[in-house]
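Peer 1: Quick one: the structure is below, and I'll ask about it shortly.
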Amino acid sequence: MSNSSDTADIVEEQGHLTTLYTHLDALREEASGQLQKALLQTGGTPADRSHRDSATALYSDRIAQYGAVENGLCFGRLDFTDGERRYVGRIGIFDEENDYEPLLIDWRAPASRPFYLATAAAPDGVRRRRHIRTEGRAVTGLDDEVLDLTEAHGTGRGAHDGVTGEAALLSALNATRTGRMKDIVETIQAEQDHVIRADLGGVLVVQGGPGTGKTAVALHRAAYLLYTHRQMLSSRVVLIVGPNTTFLKYISQVLPSLAETGVLLGTMGDLFPGVVAHREEPAEIAALKGRADMVDVLAAAVRDRQRVPDEPLTLHLDMLDGAAVLLEPAVIEDAQERARRSGKLHNLARPTFDTEIIHALSLVVADTIGIDPYADDPLGGDDAPGDPQLLDEADLAEIRRELRGEAEVLGALDWLWPILTPQQLVAGLFASDQRLAAAGASPLLKRSAKETKDGWTPADVPLLDEAAELLGEDETVREILAERRRKQQIAYAEGALEIAFGSRSIDVEDEDDPELLSVTDLLEADRLAERHDEEEKLTPAERAAADRKWAFGHVIVDEAQELSAMAWRLLMRRCPSRSMTVVGDVAQTGDLGGAAAWDDALKPYVGDRWRLRELTVNYRTPTEIMAVAAGVLAGIDPALEPPRSVRQSGIDPWVRGVPPARLAEALAEAVEVEAEAAGDGRLGVILPTGLFSELAPAVLKAAPDAAVGDEPELSSRVVVLTVKQAKGLEFDGVIVVDPQRLVDESPRGANDLYVALTRATQRLGILHPGTLPDSLYAVVGI
Numbered sequence: 092m093s094n095s096s097d098t099a100d101i102v103e104e105q106g107h108l109t110t111l112y113t114h115l116d117a118l119r120e121e122a123s124g125q126l127q128k129a130l131l132q133t134g135g136t137p138a139d140r141s142h143r144d145s146a147t148a149l150y151s152d153r154i155a156q157y158g159a160v161e162n163g164l165c166f167g168r169l170d171f172t173d174g175e176r177r178y179v180g181r182i183g184i185f186d187e188e189n190d191y192e193p194l195l196i197d198w199r200a201p202a203s204r205p206f207y208l209a210t211a212a213a214p215d216g217v218r219r220r221r222h223i224r225t226e227g228r229a230v231t232g233l234d235d236e237v238l239d240l241t242e243a244h245g246t247g248r249g250a251h252d253g254v255t256g257e258a259a260l261l262s263a264l265n266a267t268r269t270g271r272m273k274d275i276v277e278t279i280q281a282e283q284d285h286v287i288r289a290d291l292g293g294v295l296v297v298q299g300g301p302g303t304g305k306t307a308v309a310l311h312r313a314a315y316l317l318y319t320h321r322q323m324l325s326s327r328v329v330l331i332v333g334p335n336t337t338f339l340k341y342i343s344q345v346l347p348s349l350a351e352t353g354v355l356l357g358t359m360g361d362l363f364p365g366v367v368a369h370r371e372e373p374a375e376i377a378a379l380k381g382r383a384d385m386v387d388v389l390a391a392a393v394r395d396r397q398r399v400p401d402e403p404l405t406l407h408l409d410m411l412d413g414a415a416v417l418l419e420p421a422v423i424e425d426a427q428e429r430a431r432r433s434g435k436l437h438n439l440a441r442p443t444f445d446t447e448i449i450h451a452l453s454l455v456v457a458d459t460i461g462i463d464p465y466a467d468d469p470l471g472g473d474d475a476p477g478d479p480q481l482l483d484e485a486d487l488a489e490i491r492r493e494l495r496g497e498a499e500v501l502g503a504l505d506w507l508w509p510i511l512t513p514q515q516l517v518a519g520l521f522a523s524d525q526r527l528a529a530a531g532a533s534p535l536l537k538r539s540a541k542e543t544k545d546g547w548t549p550a551d552v553p554l555l556d557e558a559a560e561l562l563g564e565d566e567t568v569r570e571i572l573a574e575r576r577r578k579q580q581i582a583y584a585e586g587a588l589e590i591a592f593g594s595r596s597i598d599v600e601d602e603d604d605p606e607l608l609s610v611t612d613l614l615e616a617d618r619l620a621e622r623h624d625e626e627e628k629l630t631p632a633e634r635a636a637a638d639r640k641w642a643f644g645h646v647i648v649d650e651a652q653e654l655s656a657m658a659w660r661l662l663m664r665r666c667p668s669r670s671m672t673v674v675g676d677v678a679q680t681g682d683l684g685g686a687a688a689w690d691d692a693l694k695p696y697v698g699d700r701w702r703l704r705e706l707t708v709n710y711r712t713p714t715e716i717m718a719v720a721a722g723v724l725a726g727i728d729p730a731l732e733p734p735r736s737v738r739q740s741g742i743d744p745w746v747r748g749v750p751p752a753r754l755a756e757a758l759a760e761a762v763e764v765e766a767e768a769a770g771d772g773r774l775g776v777i778l779p780t781g782l783f784s785e786l787a788p789a790v791l792k793a794a795p796d797a798a799v800g801d802e803p804e805l806s807s808r809v810v811v812l813t814v815k816q817a818k819g820l821e822f823d824g825v826i827v828v829d830p831q832r833l834v835d836e837s838p839r840g841a842n843d844l845y846v847a848l849t850r851a852t853q854r855l856g857i858l859h860p861g862t863l864p865d866s867l868y869a870v871v872g873i
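Residue numbers (the working numbering): 92 to 873.
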């Protein structure tokens with residue numbers, strides 16, 4: 092690797108970069124013009140309006156794409172032994188006036204792949220790889236790797252095997268953090284590239300330790316798949332699931348910087364439309380909710396709501412002037428069995444149950460009033476109640492019709508076989524000791540009135556989704572609302588036509604021409620209502636977010652080791668094609684319901700038909716910090732190998748013991764020192780959950796602008812987090828407070844400590860009140 096500051100080289104690259112931006116500006120101007128043209132189009136046929144909407148979306152997306160690649164448009168060049176030269180960048184740009192000669196090749200195109208894979212041992216025809224550093228639209232520096240060993244005289248190899256573009260890579264790794272993840276498109280390494288470009292089909296598991304770039308690889312894979320399978324995935328949407336909203340904010344800028352915006356990002360708490368589920372709950376309760384046997388619990392809860400009373404139900408009917416009839420438990424049981432044998436889901440089987448009950452009641456009513464079909468007035472005959480029934484079908488049909496309007500009958504049907512929403516089923520289950528017992532659920536799931544009022548938790552969402560699958564969606568209410576809306580639109584249209592007709596001038600009214608047409612002669616109200624029906628213009632991603640039954644084209648799950656069995660069921664329903672990228676590290680599993688092995692999580696759905704790719708190189712964590720974390724990893728599982736760090740920071744981690752009474756004061760002092768050492772970078776302070784409320788004020792005293800809370804702002808200079816919040820994040824410096832308490836707070840506390848120790852890119856400090864976990868004593872030299 093050599094650093095090129097040759098003025099002639101920089102001038103040459105500046106000339107090409109200027110050409111690229113000229114073309115980019117022209118593309119943006121053309122897209123803007125087409126967008127304005129589309130927006131000016133009004134009216135027309137439904138097909139015309141659909142075409143206008145499509146054009147508006149297309150050119151809006153292009154403008155957003157061109158804006159997103161403004162910075163870092165071109166970052167590399169390949170010189171081949173045959174004299175060919177290729178420039179690599181964020182999008183493809185072609186010279187339309189010169190037979191569409193490629194001026195810039197999209198990093199995802201096959202032609203760009205040697206930029207990431209070529210080495211001196213396997214140059215793939217590449218003589219030199221050049222990394223182009225830019226700021227805005229200016230070239231600021233060049234780094235060359237000569238891969239032809241006869242030309243390089245042995246200087247073409249980097250110091251680390253398997254690392255390409257070492258100067259550019261180390262520059263990126265040593266840069267200060269900003270609180271938002273940056274893309275790695277300029278420095279993708281070979282093992283990462285193999286994951287990014289893996290086939291779309293099937294389940295791909297990406298296992299990698301801290302700092303191996305799992306999240307960045309997953310996001311770049313999303314961009315690659317959208318580029319390669321645009322037609323299919325743009326309409327079916329790629330779903331990316333992250334562990335929490337703080338994490339989603341952290342990664343939010345990566346895909347736009349890669350010119351991709353048509354992706355849906357969410358947490359497990361976001362995956363049931365209409366429900367926001369971010370309330371915290373004890374880990375033990377979340378683990379219970381995540382168990383696979385909750386499927387049976389919910390099925391039993393549905394069956395429990397299909398009631399059979401111990402005694403006959405007494406119904407007072409208006410059609411009998413308030414006289415009572417009895418609905419026997421045996422009749423109800425028979426109606427339930429017929430409804431269940433229909434094979435329909437609970438809500439969808441309700442009409443069958445209603446029909447059976449109404450039919451049974453009609454016979455009871457007929458027997459009560461003793462109808463004589465030969466009398467002049469069948470419903471008012473003189474037969475005594477209890478006489479043999481002589482009915483024709485018309486008589487019974489009339490009785491059934493009247494029964495369906497009886498308030499007590501309708502109330503009984505709702506009580507015996509209620510139409511339920513998933514929210515009603517799950518909330519009702521958790522609110523009642525009796526219902527929990529009837530469903531075979533743990534009494535620990537009982538939820539207080541305050542907890543119910545505070546809302547749903549992420550662990551509730553898979554249960555709501557399972558409940559929806561068991562209940563089925565009753566379309567009755569939706570159809571009623573749609574019909575009501577249609578009638579309102581027609582009424583509005585009729586009013587508009589009346590106004591138009593009444594607004595005719597007197598001259599027009601006085602004309603003798605009988606063939607003169609008015610608007611009411613040309614257009615009926617229902618057609619006018621249809622024409623002006625304002626449908627929501629939603630992107631595919633927005634439609635997917637609102638549709639529980641949406642089948643995603645591909646699903647990417649980050650921190651996937653944390654998912655419970657019930658969470659996996661939800662995701663597999665969302666992706667029936669089983670086209671998934673599963674990213675995580677089982678050594679970092681913190682949730683009690685999480686996976687100890689990938690096979691445990693995936694086998695119920697795909698058997699052994701899943702692929703494993705491992706990332707082994709640690710780009711984030713320097714060797715000094717990884718040496719400390721490795722001792723904790725060995726305590727978790729001696730067979731696990733820590734990822735190999737590619738760099739040293741030259742800064743040894745510090746460990747400081749203080750009396751418990753001085754912990755808050757010592758933390759404030761440490762924050763002041765480490766925040767100053769981080770300079771323009773970011774300092775993360777990781778606290779045990781049990782000490783958060785006690786110690787967070789000490790951090791705020793030392794750094795008043797520190798970010799604290801459920802969703803802390805990561806761009807703040809100092810950020811205070813729990814381990815759960817810190818998953819997937821990185822900071823220039825990290826202070827881990829009371830690691831022993833971190834371990835003690837959870838049955839998987841060692842995993843949590845491993846996560847906390849591996850968030851730093853430069854500096855690590857450990858502050859403890861006199862006690863350390865055994866796994867740390869040896870490595871810190873105490």
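Every residue, glycine too, gets a C-beta built ideally from N, C-alpha and C.
Check whether the Cβ atoms of isoleucine 581 and valine 500 lie closer than 9 Å to each other.
Peer 2: Walking along the sequence shown from the start, residue 581 turns up at place 490. Walking along the sequence shown from the start, residue 500 turns up at place 409. In this structure, valine 500 does not lie closer than 9 Å to isoleucine 581 by Cβ.
Peer 1: Taking the straight line between their C-alpha atoms, what separation do you get for glutamate 732 and alanine 263?
Peer 2: If you number the sequence shown from 1, residue 732 lands on position 641. If you number the sequence shown from 1, residue 263 lands on position 172. If I take the Cα positions, the gap works out to 25 Å.
Peer 1: How is asparagine 162 classed by DSSP in three states: helix, strand or coil?
Peer 2: Looking up residue 162 in the sequence shown gives position 71. Correct three-state label for asparagine 162: coil.
Peer 1: My guess is that serine 866 and valine 723 are in contact by the Cβ rule of under 8 Å, so how many angstroms apart are they, rounded?
Peer 2: Here residue 866 refers to the residue found at position 775 of the sequence shown. Here residue 723 refers to the residue found at position 632 of the sequence shown. Contact holds; Cβ gap of about 5 Å.
Peer 1: Pairing CB atoms from the region 318-332 with CB atoms from the region 122-136, are three or more of them under 8 Å?
Peer 2: At 8 Å Cβ cutoff, the stretches do not touch.
Peer 1: Which runs of the alpha helix (DSSP H) fall wholly inside the region 180-267 and span at least 4 residues, in chain order?
Peer 2: Entirely contained in the region 180-267, the alpha helix (DSSP H) runs reaching 4 residues are, in chain order, 205-208, 240-243, 257-265.
Peer 1: Work out the CA separation of glutamine 344 and valine 102 for me, nearest whole Å.
Peer 2: Here residue 102 refers to the residue found at position 11 of the sequence shown. Here residue 344 refers to the residue found at position 253 of the sequence shown. Rounded to the nearest angstrom, the two C-alpha atoms are 31 Å apart.
Peer 1: Nearest-angstrom Cα distance between alanine 868 and valine 308?
Peer 2: Along the sequence shown, read from residue 1 onward, the residue named residue 868 stands at position 777. Along the sequence shown, read from residue 1 onward, the residue named residue 308 stands at position 217. First, the residue type needs correcting, since residue 868 is tyrosine and not alanine in the sequence shown. If you take the alpha carbons of tyrosine 868 and valine 308, they lie about 34 Å apart.
Peer 1: Three-state secondary structure (DSSP) at methionine 272?
Peer 2: If you number the sequence shown from 1, residue 272 lands on position 181. Looking at methionine 272 - three-state DSSP - the assignment turns out to be coil, as it is neither helix nor strand.
Peer 1: Give me the residue from Glu282, Leu379, Ala391 with the minimum Cα distance to threonine 210.
Peer 2: Numbered from 1 along the sequence shown, position 119 holds the residue referred to as residue 210. Selected option, being the one with the closest Cα: Glu282.
Peer 1: Please state the DSSP three-state secondary structure of histidine 450.
Peer 2: The residue given as residue 450 occupies position 359 in the sequence shown. Histidine 450 falls in the helix class under three-state DSSP.
Peer 1: Please name the residue, chosen from Phe783, Thr358, Ser145, Ile275, that lies closest to alanine 129 on a Cα-to-Cα basis.
Peer 2: The count along the sequence shown starts at 1 and reaches residue 129 at position 38. It is Ser145.
Peer 1: Given 8 Å as the limit, is there contact between the region 845-865 and the region 749-769, that is, 3 or more CB pairs closer than that?
Peer 2: Flag = yes, the region 845-865 and the region 749-769 touch.
Peer 1: Would arginine 220 be called buried (16 or more neighbouring beta carbons within 10 Å of its own) or exposed?
Peer 2: What you label residue 220 is simply residue 129 of the sequence shown in a count that begins at 1. Buried, because 16 or more other Cβ atoms sit within 10 Å of the Cβ of arginine 220.
Peer 1: Specify, as a first and last residue, the run of the alpha helix (DSSP H) that alanine 313 falls within.
Peer 2: Locating residue 313 in the sequence shown gives position 222, where the first residue counts as 1. It spans 305-319 - the alpha helix (DSSP H) in which alanine 313 sits, taken as one unbroken run.
Peer 1: If you run the structure through DSSP and keep just helix, strand and coil, what is valine 399?
Peer 2: If you number the sequence shown from 1, residue 399 lands on position 308. Coil.
Peer 1: Is histidine 285 helix, strand or coil when you go by DSSP?
Peer 2: Residue numbering aside, residue 285 sits at position 194 when the sequence shown is read from its first letter. DSSP places histidine 285 in helix when its eight states are reduced to three.
Peer 1: Do the CB positions of valine 456 and leucine 494 come within less than 9 Å of each other?
Peer 2: Residue 456 sits at position 365 when you count from the first residue of the sequence shown. Residue 494 sits at position 403 when you count from the first residue of the sequence shown. Against a cut-off of 9 Å, the Cβ pair of leucine 494 and valine 456 comes out as a contact.
Peer 1: Mind checking whether glycine 300 and valine 388 have CB atoms under 9 Å apart?
Peer 2: Your numbering for residue 300 matches position 209 in the sequence shown. Your numbering for residue 388 matches position 297 in the sequence shown. Not closer than 9 Å, so no.
Peer 1: Suppose only complete runs of 3+ residues qualify. What are the beta strand (DSSP E) ranges in the region 656-703, listed by chain order?
Peer 2: Correct list: 671-675.
Peer 1: If you draw a straight line from the alpha carbon of leucine 782 to that of asparagine 842, how long is it in whole angstroms?
Peer 2: Mapped onto the sequence shown, residue 782 falls at position 691. Mapped onto the sequence shown, residue 842 falls at position 751. Rounded to whole angstroms, leucine 782 to asparagine 842 spans 19 Å at the Cα level.
Peer 1: Write down the C-beta distance between alanine 787 and valine 811 rounded to the nearest angstrom, noting that I regard them as a contact closer than 8 Å.
Peer 2: The sequence position of residue 787 within the sequence shown is 696, counting from 1. The sequence position of residue 811 within the sequence shown is 720, counting from 1. With 8 Å as the limit, alanine 787 and valine 811 qualify as a contact, their Cβ atoms being about 5 Å apart.
Peer 1: Might you give, ordered along the chain, the residues of its own chain that have their beta carbon closer than 7 Å to the beta carbon of leucine 310, omitting 5 neighbours on each side?
Peer 2: Here residue 310 is taken as the residue at index 219 of the sequence shown, counted from 1. Cβ neighbours of leucine 310 beyond the five flanking positions: Ile342, Val345, Leu346.
Peer 1: Evaluate glutamine 739 with the Cβ neighbour count: other Cβ atoms within 10 Å of its Cβ, from every protein chain shown; 16 or more gives buried, anything less gives exposed.
Peer 2: As a first step, residue 739 must be located in the sequence shown, where it is residue number 648. Exposed is the call here.
Peer 1: Rounded to whole angstroms, what's the CA-CA distance from leucine 238 to proline 214? Just pull it up for me.
Peer 2: For the purposes of this step, residue 238 is taken as residue 147 along the sequence shown, with counting starting at 1. For the purposes of this step, residue 214 is taken as residue 123 along the sequence shown, with counting starting at 1. So the two alpha carbons sit approximately 6 Å from each other.
Peer 1: Quick one, are the C-beta atoms of glutamate 804 and glycine 270 less than 9 Å apart?
Peer 2: The residue labelled residue 804 in the question sits at position 713 within the sequence shown. The residue labelled residue 270 in the question sits at position 179 within the sequence shown. Going by C-beta atoms, glutamate 804 is nearer than 9 Å to glycine 270.
Peer 1: Could you give the distance in angstroms between the alpha-carbon of leucine 888 and the alpha-carbon of glutamate 785?
Peer 2: Within the shown structure, residues of the chain are numbered from 92 to 873, placing residue 888 beyond reach of any answer.
Peer 1: For threonine 712 and alanine 757, what's the separation of their Cα atoms in angstroms?
Peer 2: Position 621 of the sequence shown, counted from the start, is the residue given in the question as residue 712. Position 666 of the sequence shown, counted from the start, is the residue given in the question as residue 757. If you take the alpha carbons of threonine 712 and alanine 757, they lie about 25 Å apart.
Peer 1: Judging by CA-CA distance, which residue of His114, Ala159, Arg176, Leu295 is the nearest neighbour of arginine 704?
Peer 2: Within the sequence shown, residue 704 is the residue found at index 613, counting from 1. When only C-alpha atoms are compared, the closest one is Leu295.
Peer 1: For serine 145, name the three-state secondary structure that DSSP assigns.
Peer 2: For the purposes of this step, residue 145 is taken as the residue at position 54 of the sequence shown. Three-state result, serine 145: helix.
Peer 1: Quick check: what's the CA-CA separation for arginine 700 versus threonine 109?
Peer 2: Start at 1 with the first residue of the sequence shown, and residue 700 comes out as number 609. Start at 1 with the first residue of the sequence shown, and residue 109 comes out as number 18. Looking at the two C-alpha atoms, the distance is approximately 49 Å.
Peer 1: Which runs of the alpha helix (DSSP H), 4 residues or longer, sit entirely within the region 506-567?
Peer 2: Counting only runs of 4 or more, we get 513-521, 524-529, 540-545, 551-562.
Peer 1: When the Cα atoms are used, what is the spatial distance from glycine 163 to leucine 115?
Peer 2: Here the question's residue 163 lines up with position 72 in the sequence shown. Here the question's residue 115 lines up with position 24 in the sequence shown. Looking at the two C-alpha atoms, the distance is approximately 13 Å.
Peer 1: Assuming valine 297 and valine 674 are in contact, meaning their beta carbons sit under 8 Å apart, how far apart are those beta carbons, in whole angstroms?
Peer 2: Within the sequence shown, the letter at position 206 stands for residue 297. Within the sequence shown, the letter at position 583 stands for residue 674. The Cβ separation is near 5 Å, so the contact holds.
Peer 1: Is the Cβ-Cβ distance between glycine 313 and alanine 350 less than 9 Å?
Peer 2: Locating residue 313 in the sequence shown gives position 222, where the first residue counts as 1. Locating residue 350 in the sequence shown gives position 259, where the first residue counts as 1. Reading off the sequence shown, one finds alanine at residue 313, where the question assumed glycine. Result no, Cβ atoms of alanine 313 and alanine 350 do not sit closer than 9 Å.
Peer 1: Taking buried to mean at least 16 other C-beta atoms within 10 Å of its own C-beta, is glutamine 525 buried or exposed?
Peer 2: By one-based count along the sequence shown, residue 525 stands at place 434. By the neighbour-count rule (16 or more Cβ atoms within 10 Å), glutamine 525 is not buried but exposed.
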